[in-house]
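Everything on this sheet refers to the single structure shown next.
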Amino acid sequence: WWKAVFHMWDNPKPAPEYQMGWKDKEAARKSLKKILDWDFDKIVMAHGDLIEKDAKERALDAWKRPLNLT
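Heads up, the sequence shown is in the working numbering, so the first residue is 1109 and it goes up one at a time.
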């Protein structure tokens, strides 16, 4: 139910409690941007479905709000 509440159902994104807990948001942004610069085509989630298609685009979409790309 919580995935539906936070619009996370079939829409991977960082959990709100993680985003709220970042003390140094600029350092988090820099780290995320560095990771998103990597060349990857799959995402293996700790829980949830394996992302094997459009992984880079889905990662960018998932992290656009924390990265202030919206």
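Cβ atoms here follow ideal geometry from the backbone N, Cα and C, with glycine treated the same way.
These numbers come from a predicted model, not from an experiment.
Option in the options with minimal Cα separation from residue i
i       : options                            : result
ILE1151 : ASN1176, LEU1168, ALA1136, LYS1131 : LEU1168
TRP1172 : ARG1137, MET1153, ALA1154          : It is worth fixing the name first, because residue 1172 is Lys in this sequence and not Trp. That would be ARG1137, whose Cα lies nearest to the Cα of LYS1172.
ASP1162 : ASP1132, PHE1148, ALA1135          : PHE1148
One or two residues paired with residue i in a DSSP bridge
i       : result
ILE1143 : In DSSP, ILE1143 forms no bridge with anything.
### Message
Taking 8 Å as the cut-off, does the region 1129-1149 touch the region 1157-1176 (at least 3 CB pairs, one atom from each stretch)?
### Response
yes
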